[in-house]
Amino acid sequence: MTNKKYPRLFRGGDPERRHDDVTGGLSDESESEQTSIRPHKVSDHGSKTSGKTTSRSDADSSEGGRRSSSKRDKESSRSRAGGSRDGAKRAEPRRTKDDKDDSAPKHAAGSKGPLDRSFRRSATLTVASALLPGLGLTGARQRWAKILGVLLPVGFLGGLVLLAVRAVMNPEVAIGWALRPGILRGTILVLIVAALGWAFLITLTHLITRPKGLATAKRAIGAGLVVALTFVVSAPLAVAARYTLSQLQLVEKVFAPEVQASGRPEVDVNAKDPWKDTPRLNILLLGADSTGSRIADNKGTYVPRTDTIMVASIDTATGNTTLVQIPRSVERTPFPEGSKLAKLFPRGFRGAGDSSEWLINAIWERTVSKDYPEMAEAVAPATYPGAEALKQGVEGITGLHMHYFALVNIDGLQQLIDAMGGVKLNVNRKLPIGGDHQTGARPHGWLKPGPDQLLDGYNAMWYARSRFDSDDYARMARQSCLVNAVIKQANPTTLLTSYEGIAQASSDMVMTDIPQDVLAPLAQLAFKVKDASVSRLAFVHGQNGFDAGNPDFTLMRKRVQDAINPPAPTSEPTASTSTAPSPDPSTAKPSPTPTKQTSSAQPKPSATSSDAAPSTTERVADACAYHPEE
2 MTNKKYPRLF
12 RGGDPERRHD
22 DVTGGLSDES
32 ESEQTSIRPH
42 KVSDHGSKTS
52 GKTTSRSDAD
62 SSEGGRRSSS
72 KRDKESSRSR
82 AGGSRDGAKR
92 AEPRRTKDDK
102 DDSAPKHAAG
112 SKGPLDRSFR
122 RSATLTVASA
132 LLPGLGLTGA
142 RQRWAKILGV
152 LLPVGFLGGL
162 VLLAVRAVMN
172 PEVAIGWALR
182 PGILRGTILV
192 LIVAALGWAF
202 LITLTHLITR
212 PKGLATAKRA
222 IGAGLVVALT
232 FVVSAPLAVA
242 ARYTLSQLQL
252 VEKVFAPEVQ
262 ASGRPEVDVN
272 AKDPWKDTPR
282 LNILLLGADS
292 TGSRIADNKG
302 TYVPRTDTIM
312 VASIDTATGN
322 TTLVQIPRSV
332 ERTPFPEGSK
342 LAKLFPRGFR
352 GAGDSSEWLI
362 NAIWERTVSK
372 DYPEMAEAVA
382 PATYPGAEAL
392 KQGVEGITGL
402 HMHYFALVNI
412 DGLQQLIDAM
422 GGVKLNVNRK
432 LPIGGDHQTG
442 ARPHGWLKPG
452 PDQLLDGYNA
462 MWYARSRFDS
472 DDYARMARQS
482 CLVNAVIKQA
492 NPTTLLTSYE
502 GIAQASSDMV
512 MTDIPQDVLA
522 PLAQLAFKVK
532 DASVSRLAFV
542 HGQNGFDAGN
552 PDFTLMRKRV
562 QDAINPPAPT
572 SEPTASTSTA
582 PSPDPSTAKP
592 SPTPTKQTSS
602 AQPKPSATSS
612 DAAPSTTERV
622 ADACAYHPEE
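So the sequence shown is numbered by my numbering: it starts at 2 and just counts up by one.
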């Protein structure tokens, strides 16, 4: 039964409860409910009123009570709802700056939250994959990526170490790789795949380590980082592939596999010693003029006139080399006995007309001209009939069988020197540029004397070919100086920065019958030559049996044999053959065999007897030193 005196008691739990003034306790009624009319105790005096009045009052009171009760219930409901909302607001935990708020922009640039740290970590791992292929994958969550991130860098470093060790231990093998077309093609393919694969690994590392929910700005930064790193890694590989392609084109253009030639030795390229069956290798080295006038004189076809003729006779066991220089003005060149050319020219290379057109330097041109088709038929089916005929002519002079030839034209050498940035040469006297005594043309320029002059390709070419006031021997000496300068000054930096220009110049200036498969064995032999001794035998007027008008070929062949097979030294002191110059070169006595002249002065022809063998070999460094001539 409800207590009418205390109709609404507090049942607890509401933090908004209030003190009830009527009951003296706590109440969950709102302030409006507390101020409303409450039921109260009727006094005994009121019971004495009339029944009618009492009935009406009771009815009114009952109706008012119902209305008040309904109003209080509605207000109480609203009060509880409001209290619940207020309580929820107070119960909500206080937000911090690190809490995620979906209604606010997500991690603007410059924030320092966990997402920002994850982005920096992803960028670091991406850079690591650029340093070593796939290294950054070790920081990924995926197991396969971690394994790949370990295997790829280890394999990459291992391969580099193996190649480096092989190249250091056997540099001639590494050079041989650069001369094999098959290896060059494979290298190009590997470099292209490496560039694409490395770029893919950089991109993959960034994508799988990048945190989700990045802002657009940071996505753009990440993409820019990937593009930059990909370029840094791929560009050097692309350049290396381009250089390798240039090398391949050079090898295929100069050393054509379809070249036909006679006299080439059998070389076992897979043997440990490819030259064991060739105790001595003889290579004919030629220098030719290929200017526009030479092409115009031959109706647009390049026909070289070989003004420089030199034989490199190499001992394949030791690498010791003898250079035999032959003047371009040799007359009546003999051909080997029993050859077809010897039958055509039984008294040597001579014919009707001007004798200057029958010198040794005209053999190539005569062979390919239509005036003497018999010469080309005599050396058929050679790819280079002019070179084949000249090889036989030099063999007749020296007694050495020519295995290969290599021709370098002077214009190609000019391009090579320009690609190198010039060469430094000692100019010992004033040298004319141009000029011709036969036509009366005067020089149109001069090279001034001076030490270590940096000459471009044009001036270096005239340094080597100037002959207006020089004899053939002085000209040959300058040519040796130029070749030595090119070899010494072609440093690795120059080769790398100008490789394409050098390769193009090399392909334009070289003509040879050396086959591609012999290039690697030749490279190995070149390393022997580099560490061995090199001597030089020069045929000049009045020395070693050579007379410009009447050469003694029998004595010249003997001098060549003495040079490549020197007899045992006698007890009588002779001129030193060491590389160190003697204190007084003028006091050195000539030995019975060609020896090395140690004087740094420019050698001059002497009118000695043809039976004597004066000191005609010399160090190139001494001959090319600066010693100005008066």
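No residue lacks a Cβ here, since even glycine has one placed at the ideal position from N, Cα and C.
Measuring C-alpha to C-alpha distances from A390 to each of K371, K341, G435 and G320 identifies K341 as the nearest. Taking the C-beta atoms as reference points, A527 is found no nearer than 9 Å to V409. The beta-carbon separation of G352 and E366, rounded to 13 Å, does not stay under the 8 Å limit for a contact. Listed in chain order, the beta strand (DSSP E) runs fully inside the stretch 265-350 are 281-290, 306-316 and 322-327, counting runs of at least 3 residues. With at least 16 other beta carbons inside 10 angstroms of its own, N362 counts as buried. Looking at the DSSP output, F547 sits in a beta bridge with Q544. In the three-state DSSP reduction, P237 falls in the helix class (H, G or I).
P522 is not a Cβ neighbour of P258, given a cutoff of 9 Å. Residues of the same chain with a CB within less than 7 Å of the CB of L246, apart from the 5 flanking positions on each side, are I189 in chain order. When DSSP states are grouped into helix, strand and coil, G135 belongs to the coil group.
As the crow flies, the alpha-carbon of R466 is around 19 Å from that of A626.
Here I203 is not near A524, since their CB atoms are 9 Å or more apart. Put simply, the backbone Cα of T206 is about 58 Å away from that of P452.
Where D412 is concerned, the enclosing alpha helix (DSSP H) starts and stops at I411 to M421. Annotation for A533: T319, G320, N321 and T322 place their beta carbon closer than 7 Å to its own, counting only its chain and skipping 5 residues before and after. For the pair of segments examined, the stretch 392-411 was found not to touch the stretch 430-448: the number of CB pairs separated by less than 8 Å stays below three.
Secondary-structure assignment with DSSP links T513 through a beta bridge to A407. The DSSP assignment places 144-170 and 172-178 as complete runs of the alpha helix (DSSP H) inside the stretch 131-181, in order along the chain (cut-off: 4 residues).
Under the three-state reduction of DSSP output, N566 falls in the coil class, being neither helix nor strand.
Annotation: D532 is outside any beta strand (DSSP E); the continuous alpha helix (DSSP H) that includes it extends over L520 to D532. Residue pairing by DSSP places W199 opposite no residue, since no beta bridge is assigned to it.
Of the candidates T399, I364, A146 and W447, the residue whose Cα lies closest to the Cα of V561 is T399. Bridge pairing for K425: L455 [DSSP].
Excluding its 5 nearest sequence neighbours in each direction, L360 has C-beta neighbours in its own chain below 7 Å: R329, S330, V331 and E332, listed in chain order. Here I418 has V424, G458 and A461 as same chain residues with Cβ atoms under 6 Å from its own Cβ, once five neighbours each way along the sequence are excluded. Under DSSP, A442 forms a beta bridge with D437.
Linking G543 to E267 through their CA atoms gives a straight-line distance of about 39 Å.
Residue range I364 to V369 is occupied by the alpha helix (DSSP H) that includes V369. Check the Cα spacing between L483 and each of V428, G441, L126 and A262: the tightest is with V428.
For L391, the enclosing alpha helix (DSSP H) begins and ends at P386 to T399.
The closest CA to that of W276, considering only I193, K529, M557 and V304, is found on K529. Among the bridge pairs identified by DSSP, A539 is matched with Q326. Its chain contains G349, G397 and F554 as the residues whose beta carbon lies nearer than 6 Å to that of P335, once the 5 sequence neighbours on both sides are disregarded; these appear in chain order. Under the DSSP assignment, P382 falls outside any alpha helix (DSSP H); it carries neither an H nor an E label.
Of the candidates V304, T139 and L132, the residue whose Cα lies closest to the Cα of V227 is L132. With respect to the C-alpha of A200, the residue from V395, P154, N566 and V233 having the closest C-alpha is V233.
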